[in-house]
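Quick note on this note's numbering: the sequence shown kicks off at 36 and runs consecutively.
No residue lacks a Cβ here, since even glycine has one placed at the ideal position from N, Cα and C.
Remember, it's a predicted structure, so these values are computed and weren't measured experimentally.
To start, the structure itself, in structure tokens.
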Amino acid sequence: MCGIVGYVGFREAAGVLLEGLRRLEYRGYDSAGVAVKVNGRLEVVKKAGKLQVLAESLKERALPGTLGVGHTRWATHGAPNDPNAHPHSSEDGRLAVIHNGIIENYLPLKEGLLQRGHVFASETDSEVLAHLIEEKYQGNLYQAVRLALQEAHGAYGLVVAHQDSEEIVVARTVSPLVIGLGEGENFVASDVPALLPYTRRVIFLHDGDMAAIGKEGVRLTDLKGNPVQREVVEVDWSLEDSEKGGYPHYMLKEIYEQPWVLENTLGGRLREESATAELGLKLDPARYDKVHVIACGSAYYAGWVGKYLIEALARVPVEVEVASEYRYRDPVADQKTLAIVISQSGETIDSLEAIREAARKGAGTLGIINAKGSSITREVDDTLYIHAGPEIGVASTKAYTAMIAAMSLVAVWMGRAKGRLQDQPAAEFTAELRKLPRLVEEALEERPEIARIALKYHQASDYLFLGRHIQAPTAYEGALKLKEISYIHAEAYPAGEMKHGPIALIDEHLPVVVLTTESPLYEKTVSNIQEVRARGGRVIALATKGDSEAKKFAQDVIYVPRTHHLLAPIVSAVPLQLLAYETAVCLGRDVDQPRNLAKSVTVE
Ligand code: M6R
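Okay, structure coming up:
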């Protein structure tokens with residue numbers, strides 16, 4: 036959500052900023068801007084709309100200079116227009132500020148600044164920072180930023196440039212910032228992909244960190260000015276990892292990456308001889324008698340699948356809740372609770388606050404996370420990385436299936452440690468887990484049939500998704516994927532619940548996707564399908580290969596490979612991702628950056 040890039044060095048800053056912002060486009064934005072120091076003066080160009088609009092303006096007005104800051108803004112306070120775009124300048128135009136997050140006390144600050152004669156050019160909360168820093172500035176930019184941040188409260192990833200300074204000054208509380216270290220040049224960005232063309236040596240700033248970044252070095256302090264030490268991390272993402280690799284969209288590339296992602300998530304963690312999972316965690320699973328799973332969006336549905344897995348394999352009660360609710364409801368958690376937070380970005384603010392709440396109550400905290408060094412990983416007792424590599428498409432795909440694979444490992448780990456998962460079922464389940472990469476590869480082969488179905492139904496105004504037991508969350512995830520990228524209204528229900536209301540929606544115009552993979556509830560799901568058919572509904576069944584019955588009750592069938600019924604959500608997610616993708620392509624939607632959505636939601 037919002038992208039930041041800053042550069043000091045020897046290259047043309049504008050090019051570095053534009054390229055970096057392009058790599059952050061997946062975060063979601065609606066305006067973009069840069070400020071570059073040109074012949075000792077800061078010059079700002081900013082535009083509503085996509086980066087292309089900004090790039091066109093920069094063709095007309097070149098900004099030669101080797102120090103600059105750039106931003107893509109996802110509107111919170113104020114409409115997405117030119118004045119509200121970042122950077123925001125001080126009144127004298129000598130400094131420029133870019134900011135991710137929300138300054139919570141901006142109204143009283145703005146009131147004071149107005150009374151002292153400041154004139155504002157935008158409706159944003161961020162602009163108060165430009166005026167406040169301008170007031171504090173007495174020839175030392177770092178000190179001015181530090182003093183301003185004694186007064187401004189809230190969330191910020193802040194980057195400030197001044198025309199008299201050879202350094203840019205940055206500060207972080209809540210909103211992520213990462214510094215990239217080069218030779219004779221240094222960078223800052225809100226996320227690693229912006230840095231990858233130039234360096235893999237990075238420093239992840241912590242909450243309360245500040246830095247002055249010059250071309251020859253970086254000084255790190257806390258907000259009081261005390262020096263701080265942070266580890267220099269070598270990131271192992273290749274440039275290619277964050278490029279499209281020949282696919283028309285990141286989302287499609289990421290769907291196809293799932294076999295190796297699952298290999299990464301599971302690899303080295305399954306112990307065949309003992310039929311267990313070795314996760315290298317400090318937490319002792321035997322200590323906990325209940326589990327809370329906290330997450331948002333797709334990660335929440337992965338957590339819901341995890342509930343079935345943990346309850347089935349470890350016989351430990353699990354509550355799953357969306358993080359934005361958990362954090363405010365005074366949950367009943369204690370030292371005997373293991374709170375698991377699931378997040379691709381590791382930056383989702385609701386998830387971060389919710390896990391803090393669980394920790395305050397004494398719960399043990401485990402993060403199931405993709406992004407290394409992200410905020411949540413620094414707050415939890417332990418992190419189990421899913422190792423999915425950068426996920427750029429706004430709609431989560433490979434991270435989703437990797438999260439479920441990670442939850443399967445957690446279920447085995449707990450079940451074995453508690454002595455509730457016996458040798459034989461443990462061996463069977465872990466053997467099936469091992470097969471997942473190959474099975475997902477097989478599931479991907481159904482794409483032509485899925486494309487045909489997508490084309491057939493792409494003009495439907497609504498879709499219904501039904502599934503039971505561990506496939507209920509899969510139905511919800513399928514509906515979420517479809518609505519996110521195709522904008523078709525889609526609802527999901529546990530199939531058995533349909534007769535209690537949603538059945539009223541069924542007519543000959545409504546495609547109904549029903550998850551009928553092999554499971555102890557197969558027969559019951561089939562009866563739910565008959566109820567849909569009897570009312571003229573159009574059924575798309577997702578069935579296990581070899582199921583000869585499915586064709587009899589469904590107009591269209593998508594086959595998935597046979598697996599353990601507790602792992603069916605992984606092989607079933609793949610065709611649902613493809614169905615959403617192919618439908619969105621038929622409709623000409625912006626697959627990788629659907630309207631209104633942001634990849635990582637760092638505001639409440
Ligand atoms: O980074 P996180 O996993 O914490 O993100 C959670 C949700 O915002 C995310 O899953 C969102 O729902 C995606 N757009 C789903 O495709």
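What do you reckon, is the C-beta of residue i under 8 Å from a heavy atom of ligand 1?
{"i": "Leu-348", "result": "no"}
{"i": "Cys-621", "result": "no"}
{"i": "Ile-214", "result": "no"}
{"i": "Lys-634", "result": "yes"}
{"i": "Leu-611", "result": "no"}
{"i": "Thr-465", "result": "no"}
{"i": "Cys-37", "result": "no"}
{"i": "Thr-383", "result": "yes"}
{"i": "Lys-433", "result": "no"}
{"i": "Ala-196", "result": "no"}
{"i": "Ser-607", "result": "no"}
{"i": "Gln-379", "result": "yes"}
{"i": "Lys-587", "result": "no"}
{"i": "Ser-562", "result": "no"}
{"i": "Ala-334", "result": "yes"}
{"i": "Leu-515", "result": "yes"}
{"i": "Ser-386", "result": "yes"}
{"i": "Val-415", "result": "no"}
Just the Cα atoms here: how many angstroms apart are residue i and residue j?
{"i": "Glu-269", "j": "Pro-232", "result": "14 Å"}
{"i": "Ser-496", "j": "Ile-523", "result": "6 Å"}
{"i": "Glu-54", "j": "Lys-94", "result": "14 Å"}
{"i": "Ala-489", "j": "Ile-575", "result": "10 Å"}
{"i": "Pro-99", "j": "Val-69", "result": "12 Å"}
{"i": "Ser-273", "j": "Asp-244", "result": "27 Å"}
{"i": "Val-548", "j": "Leu-501", "result": "6 Å"}
{"i": "Glu-476", "j": "Ile-605", "result": "12 Å"}
{"i": "Ser-157", "j": "Thr-101", "result": "27 Å"}
{"i": "Leu-468", "j": "Val-253", "result": "45 Å"}
{"i": "Ala-14", "j": "Asn-135", "result": "There is simply no residue 14 to check, as the chain begins at 36 and stops at 639 in what is shown."}
{"i": "Asp-127", "j": "Leu-142", "result": "22 Å"}
{"i": "Leu-556", "j": "Arg-503", "result": "7 Å"}
{"i": "Gly-41", "j": "Leu-148", "result": "27 Å"}
{"i": "Asn-261", "j": "Val-213", "result": "19 Å"}
{"i": "Val-209", "j": "Ala-539", "result": "45 Å"}
{"i": "Ala-452", "j": "Lys-279", "result": "41 Å"}
{"i": "Ser-225", "j": "Cys-621", "result": "33 Å"}
{"i": "Ile-564", "j": "Leu-517", "result": "21 Å"}
{"i": "Tyr-363", "j": "Thr-383", "result": "16 Å"}
{"i": "Glu-360", "j": "Gln-379", "result": "19 Å"}
{"i": "Phe-155", "j": "Gln-87", "result": "27 Å"}
{"i": "Ile-133", "j": "Ile-168", "result": "12 Å"}
{"i": "Pro-211", "j": "Ser-443", "result": "29 Å"}
If we count the other Cβ atoms within 10 Å of its Cβ and call it buried at 16 or more, is residue i buried or exposed?
{"i": "His-535", "result": "exposed"}
{"i": "Gln-506", "result": "buried"}
{"i": "Glu-308", "result": "exposed"}
{"i": "Lys-72", "result": "buried"}
{"i": "Ser-583", "result": "exposed"}
{"i": "Leu-466", "result": "First, the amino acid is wrong: residue 466 is Ala here, not Leu. Label assigned to Ala-466: exposed."}
{"i": "Leu-614", "result": "buried"}
{"i": "Tyr-335", "result": "buried"}
{"i": "Val-367", "result": "exposed"}
{"i": "Asn-140", "result": "exposed"}
{"i": "Val-267", "result": "exposed"}
{"i": "Pro-122", "result": "buried"}
{"i": "Ala-97", "result": "exposed"}
{"i": "Lys-342", "result": "buried"}
{"i": "Pro-283", "result": "exposed"}
{"i": "Lys-586", "result": "exposed"}
{"i": "Arg-482", "result": "buried"}
{"i": "Gln-457", "result": "exposed"}
{"i": "Gln-293", "result": "buried"}
{"i": "Gln-370", "result": "exposed"}
{"i": "Arg-306", "result": "exposed"}
Does the beta carbon of residue i fall short of 8 Å from some heavy atom of ligand 3?
{"i": "Leu-149", "result": "Annotation note on ligand 3: not contained in the displayed structure, which lists ligand 1 as its ligands."}
> Quick check: the region 285–293 against the region 308–324, are there 3 or more CB pairs under 8 Å?
Replying inline: no
>> Quick check: the region 174–190 against the region 217–235, are at least 3 beta-carbon pairs closer than 8 Å?
In response: no
> Is it a yes or a no for the region 345–358 touching the region 404–417, going by three-plus beta-carbon pairs under 8 Å?
Replying inline: no
> With contact counted as at least three CB pairs below 8 Å, one residue from each stretch, are the region 587–604 and the region 620–629 in contact?
Replying inline: no
>> Count Cβ pairs between the region 590–599 and the region 564–580 that sit closer than 8 Å; are there 3 or more?
In response: yes
>> For the pair the region 417–424 and the region 297–304, tell me if three or more CB-CB distances fall below 8 Å.
In response: yes
> Do the region 325–335 and the region 371–383 touch if we need at least three Cβ pairs shorter than 8 Å?
Replying inline: yes
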